[in-house]
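Sequences listed follow chains A and B, in order. Using our numbering, you'd call the opening residue of the first sequence number 496 and step up by one each time. Using our numbering, you'd call the opening residue of the second sequence number 496 and step up by one each time. Here is the structure we will look at.
2 protein chains.
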Amino acid sequence: MTAATLSRYKVQAAILKALAHPTRLFIVDELSRGERCVNDLTEMIGVEMPTVSRHLSQLKHAGILEDEKRGVQVFYRLKTPCVMNFFQCVAAVASEESSALVRRAA
Amino acid sequence: MTAATLSRYKVQAAILKALAHPTRLFIVDELSRGERCVNDLTEMIGVEMPTVSRHLSQLKHAGILEDEKRGVQVFYRLKTPCVMNFFQCVAAVASEESSALVRRAA
DNA sequence: GTAATAGTTAGCCAGTTGGCTAAGTGTGCA
DNA sequence: TGCACACTTAGCCAACTGGCTAACTATTAC
């Protein structure tokens, strides 16, 4: 494995890792329907705001989201809409999986 | 978020998490060109065999790989070839990213 | 200016990850 | 039978994750 190849896998792994959490998948899915402020997401998700804020900053750091402050609120939206194709790919792989995996994760 | 929705996100997150490591991405990429035994993968990757074995079992547990013992060797191959579409999706998102992310991961 | 609201940052902590070495399992060969 | 080889499992450990609460920042309303 060359250094360049390893670097490429690291980049891809970082993106996958950013998405590899149920809460962050929910956020991306929700933002695919339009921008949302942190408070709204917090209410939908049902964990404390600092936790949501950190999930958002992870996704932002991975280049998946961008934010915009308007007044006292911060709105987040998808930066790369193509992440949704991706999202459908995961869903496809997931649906191909046996129900055993579903049971394990439930 | 309903229980069913949460469960679905958990399944998808588990798949993403299984792929979210440079070594495991390498393995999936390599197996897309055909089955390989653990020893061959170990030589290509350059970490100890027990570590490779564990990466393989993680991918197997996630339903991405399947294995077959032939004699003294264990061959792994992709179980869901559609994981490769997925792989291309990640590459597409990655290439859309700024070079900043590349620099961070390098 | 003070208070209220929205959000982030910091610090704590239990649980997970990913590397390693050592030990165990199973198959084939002399 | 006994040894070598391929692989997995177990156990250790440092680093990371993801939740929380508390404290800080910034904007708006009074």
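Idealized CB from N, CA, C, for every residue including glycine.
Cβ proximity to chain A below 8 Å picks out Thr575, Cys577, Val578, Asn580, Phe581 from the region 563-581 of chain B.
Nearest C-alpha to Glu538 of chain A among A:Val567, A:Ala513, A:Phe521, A:Phe581: A:Phe521. In this model, Lys505 of chain A and Leu501 of chain B are separated by some 28 Å (Cα to Cα). Rounded to whole angstroms, His516 of chain B and Ala508 of chain A show a C-alpha spacing of 5 Å. Taking a C-beta cut-off of 7 Å against chain A, the contacting residues of the region 511-524 of chain B are Leu511, Lys512, Leu514, Ala515, His516, Pro517, Leu520, Phe521, listed in chain order. Counting along the chain, Glu591 of chain A sits inside the alpha helix (DSSP H) bounded by residues 578-591.
In the three-state DSSP reduction, Arg503 of chain B falls in the helix class (H, G or I).
Here Val542 of chain B is exposed: its Cβ has fewer than 16 other Cβ atoms, across all protein chains shown, within 10 Å. Where Arg572 of chain A is concerned, the enclosing beta strand (DSSP E) starts and stops at 568-573. In the structure shown, Arg528 of chain B adopts coil according to DSSP, grouped into three states. Going by DSSP, Glu561 of chain B is part of the beta strand (DSSP E) stretching over 560-565.
Scanning its chain for C-beta atoms nearer than 8 Å, with the 5 sequence neighbours on each side dropped, one finds around Leu536 of chain B the residues Ile522, Glu525, Val547, Leu551, Tyr571, in chain order.
Secondary structure note for Val533 of chain A: its alpha helix (DSSP H) is the uninterrupted segment 533-540. Gln507 of chain B reaches chain A at Leu520, Val585, Ala586, Ala589, counting residues in chain order whose Cβ is nearer than 7 Å.
In this structure, the alpha-carbon of Val567 of chain B lies about 11 Å from that of Val533 of chain B.
Shortest Cα-Cα distance from Leu514 of chain B to any of B:Ile559, B:Cys577, B:Thr575 involves B:Ile559. DSSP, reduced to helix, strand and coil, places Ala509 of chain A within a helical segment of the structure shown. In terms of beta-carbon proximity, Met544 of chain B stays away from the interface with chain A, with every pair separated by 8 Å or more.
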